[in-house]
Amino acid sequence: MSKVQTGLQYSAEHEWITAESPATIGVSQVAADALGEVVYVELPAVGTAVTAGGVCGEIESTKSVSEIYSPVAGEVVEVNQAVVDDPALVNSDPYGAAWLFKVAVTEFGPLLSAEQYAADNGAEL
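Quick note, the sequence shown lines up with residues 0 to 124 if you use numbering that gives the first Met the number 0.
1. With a 10 Å radius around its C-beta and 16 neighbouring C-beta atoms as the bar for buried, classify Tyr-68 as buried or exposed.
2. Is it true that the CB of Glu-36 sits closer than 7 Å to the CB of Ser-60?
3. Quick one: grab the DSSP three-state call for Tyr-94.
4. Determine, using beta carbons only, whether Phe-100 comes closer than 7 Å to chain D.
5. How is the alpha helix (DSSP H) around Val-45 delimited, first residue to last?
6. Between the C-alpha atoms of Ala-18 and Gln-8, what's the straight-line distance to the nearest angstrom?
7. So the candidates are Ala-118, Leu-111, Gly-108, Phe-100; which of them puts its Cα closest to the Cα of Pro-21?
8. Quick check: Asn-90 and Val-29, are their CB atoms within less than 7 Å of each other?
9. Does the separation of the CB atoms of Leu-83 and Val-26 fall below 7 Å?
10. Does DSSP put Gln-126 in a helix, in a strand, or in coil?
11. Counting along the chain, where does the alpha helix (DSSP H) carrying Ala-31 start and finish?
12. Is Thr-47 near Gly-73, with beta carbons less than 7 Å apart?
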């Protein structure tokens, strides 16, 4: 069963986000488990404006390609080059080393608590 980390908020599209600004964004273990072995990650460039709910990158696994959605609006201020160089981090450490990018937030989109996200996705805290 997939784990959901408490202390984070989640989008319905399976991204997690920290509450501060700049907010750190990644994909949940629920998403990583569903994807299978991640082999490629494309992230937005620093300076890119992102829109809450808008597509801003993609993750490719041996099974499928999935879009990354930004849970917030704002400007990308940092990207995690380590996860681009080693996409398998998404599978091994989705809440740590595999964070994807950071955004200077101007607006938050609709978010779920860890408890709501876990309940909606059959995961455990």
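Cβ atoms here follow ideal geometry from the backbone N, Cα and C, with glycine treated the same way.
Result, derived from the coordinates:
1. Along the sequence shown, one-based indexing puts residue 68 at 69. Tyr-68 counts as buried, since at least 16 other C-beta atoms from the protein chains shown sit within 10 angstroms of its C-beta.
2. Here residue 60 refers to the residue found at position 61 of the sequence shown. Here residue 36 refers to the residue found at position 37 of the sequence shown. Yes.
3. For the purposes of this step, residue 94 is taken as residue 95 along the sequence shown, with counting starting at 1. Per DSSP, reduced to three states, the secondary structure at Tyr-94 is coil, with no helix or strand assignment.
4. The chain inventory of the structure shown lacks chain D, comprising one protein chain alone.
5. What you label residue 45 is simply residue 46 of the sequence shown in a count that begins at 1. Counting along the chain, Val-45 falls outside any alpha helix (DSSP H), and DSSP gives it neither H nor E.
6. Here residue 18 is taken as the residue at index 19 of the sequence shown, counted from 1. Here residue 8 is taken as the residue at index 9 of the sequence shown, counted from 1. One alpha carbon belongs to Ala-18, the other to Gln-8, and they sit about 7 Å apart.
7. Locating residue 21 in the sequence shown gives position 22, counting from the first residue. Residue Phe-100 holds the alpha-carbon nearest to the alpha-carbon of Pro-21 among Ala-118, Leu-111, Gly-108, Phe-100.
8. For the purposes of this step, residue 90 is identified with residue 91 of the sequence shown, where counting begins at 1. For the purposes of this step, residue 29 is identified with residue 30 of the sequence shown, where counting begins at 1. Cβ distance not < 7 Å, so Asn-90 and Val-29 don't count as in contact.
9. Your numbering for residue 83 matches position 84 in the sequence shown. Your numbering for residue 26 matches position 27 in the sequence shown. In the sequence as displayed, the identity of residue 83 is Val instead of Leu. Not closer than 7 Å, so no.
10. As shown, the chain starts at 0 and ends at 124. That puts residue 126 outside it, with no answer to give.
11. Within the sequence shown, residue 31 is the residue found at index 32, counting from 1. Secondary structure note for Ala-31: its alpha helix (DSSP H) is the uninterrupted segment 28–34.
12. Along the sequence shown, read from residue 1 onward, the residue named residue 47 stands at position 48. Along the sequence shown, read from residue 1 onward, the residue named residue 73 stands at position 74. At least 7 Å separates the beta-carbon of Thr-47 from that of Gly-73.
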